[in-house]
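Take the sequence shown: its letter number 27 is residue 57 in the numbering used here, and every next letter is one higher. For each residue, glycine too, the CB sits at the ideal point set by N, CA and C.
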Amino acid sequence: MTIFISIASYCDKLLEQTVRDALAKASAPSNLFFGIVEQNFVEQRFNYEDIKAQVRYVGIDVQDSRGACWARALAMSLYSGETWFLQVDSHTVFEQGWDTVLIEAASVCSKMSPKFVISNYPHPFKMVDGVPVSDEPTTQVLFNFVNDDCDFRNEDTILTFTAIGRDSDTPINGYHLAAGFIFTLGKFVYEVPYDPHLYFEGEEQTLSVRAYTHGWDIYHTTHVPVYHLYNTGDVETSHREVHWSPDADEKRNQRWWDLDNKSKERMTNLLHRNKDLGVYGLGNKRSLVEYANFSGIDYRNKMLAPHAKHKGVVANGN
31 MTIFISIASY CDKLLEQTVR DALAKASAPS NLFFGIVEQN FVEQRFNYED IKAQVRYVGI
91 DVQDSRGACW ARALAMSLYS GETWFLQVDS HTVFEQGWDT VLIEAASVCS KMSPKFVISN
151 YPHPFKMVDG VPVSDEPTTQ VLFNFVNDDC DFRNEDTILT FTAIGRDSDT PINGYHLAAG
211 FIFTLGKFVY EVPYDPHLYF EGEEQTLSVR AYTHGWDIYH TTHVPVYHLY NTGDVETSHR
271 EVHWSPDADE KRNQRWWDLD NKSKERMTNL LHRNKDLGVY GLGNKRSLVE YANFSGIDYR
331 NKMLAPHAKH KGVVANGN
C-alpha cells in the first residue's frame, strides 16, 4: 500500500516542513515515496540526505522554471509504480494518521466507481510564531462549484471555482478537482498525465475534464486530513514567492505572460476547438457533451447551465 507523493515547489520556505510533517504523521511512514521538483536557488534548497531512500528529487534553477503545470508534470514523471498517487502543494500540513484516513476513503469511493479521484480544496492553516495552526474543519462535504458571478469570456475558456459545504454522510460525485489535493490509484499517472505545456490558470479545469473523459470519477469526501496555506499575496505570510514575480521573471528567456498566453490558447484548443493534443488530450470513455450534461459546463459552446453554480442548485431545489 505504498503512496507516491508528488510535490512541485517554487521558492517555498515550507517545502521541508511539508515533507517531514507527512512522514511524522503517517501511520506507515515507510510506505511513503516523494517525487519533488524544487525550483529554487541552490543555497536555499531542501536537504533531504537523511531520507534520500524515500525521495526522488529534481532541483531546478529559478530562471529555468516554466510554471506550475510544467513542474507538476516533471514531479509526476518520478512515479515508480506505487499503489497510490497523492498530489499536494509544498505548503501543506497533515493530520495524524492521514494515510489511513485516505486509504479508508478510497475504499468507500471504490465501491462507487472503480476509477475514482478524491479531491477537495483543503481547509486552511496559518503559520503562527513558526508553527502551523489549522482552522477547524467543517463537518460538511466541500463541493466545488463555478463561482456564482463567473461566466465565460470571449478570449479564453478560464473559469473560477469555489468550495461550498453540502450536508452528506458519504462522498459526493463532483466535476471539478483541486490540484492542491488529489488522491487516487497510481495508474492515474499513466492514463491522465499532467500537461507540461500548461502554465497555471486552467490547470484544474483541463485535468478535471481529461480525467472525466478518460472514465475517472471525481469525489469530494467527508473528511480531508490535509490543510493548505493559502496565498495572501504577501511573501512573509505566504512563505513563498510566485512564479510571475518581476525580479525572477526578467531573467528568463521566456516571460511568464508569454507562457500564460500560450497555455490559455492550448486550453481553448482542447476544450473549445476540439483539437487533438495526443497523450495530453481528451479520453474516449466519455464525451464533452456528457461532461456538459453532468457538470453544466459546456466548453464547446461556452455556456453554463444553472447547476454549474451553487445558486442554480439552490434555485432548482437540489
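Query, Result
"For GLU112 and ILE33, believed in contact at Cβ under 8 Å, the rounded distance", "6 Å"
"With 16 other Cβ atoms within 10 Å as the buried cut-off, status of VAL158", "exposed"
"Nearest-angstrom Cα separation, counted from ASN150 out to THR169", "14 Å"
"Spatial distance of THR243 from ALA98 (CA atoms)", "23 Å"
"Cβ neighbours of GLU233 in the same chain (closer than 7 Å, five flanking residues each side left out)", "ALA98, CYS99, ALA209"
"Which of helix, strand or coil DSSP assigns to ALA345", "Low per-residue confidence applies at ALA345: pLDDT is 42, beneath 50, and the placement is therefore not dependable, though the value from the model is reported in the following sentence. In this structure, ALA345 counts as helix in the three-state DSSP scheme."
"Alpha carbon of ALA136 to alpha carbon of GLU221, nearest angstrom", "18 Å"
"Collapsed DSSP secondary structure at LYS281 in the structure displayed", "coil"
"Closer than 7 Å: SER110 CB and nearest the ligand COA heavy atom", "This structure lacks the ligand COA; in fact it carries no ligand of any kind."
"C-beta contact flag for HIS324 and LEU215 at 8 Å", "The amino acid occupying residue 324 in the given sequence is Phe; His does not appear at that position. Taking 8 Å as the Cβ cut-off, PHE324 and LEU215 do not qualify as a contacting pair."
"Contacts around ALA193, its chain only, beta-carbon distance under 6 Å, and the 5 residues preceding and following it disregarded", "TYR151, LEU172, ASN174"
"DSSP three-state assignment for GLY89, whether helix, strand or coil", "strand"
"Distance, THR187 Cα to LEU301 Cα", "8 Å"
"Nonlocal neighbours in the same chain, by C-beta distance under 6 Å from SER57, ignoring five residues either side", "GLY127, ASP129, THR130"
"At least 3 beta-carbon pairs within less than 8 Å: the segment 266-286 vs the segment 88-98", "yes"
"Chain-order list of residues whose beta-carbon lies under 7 Å from that of MET333 (same chain, five-residue window excluded)", "none"
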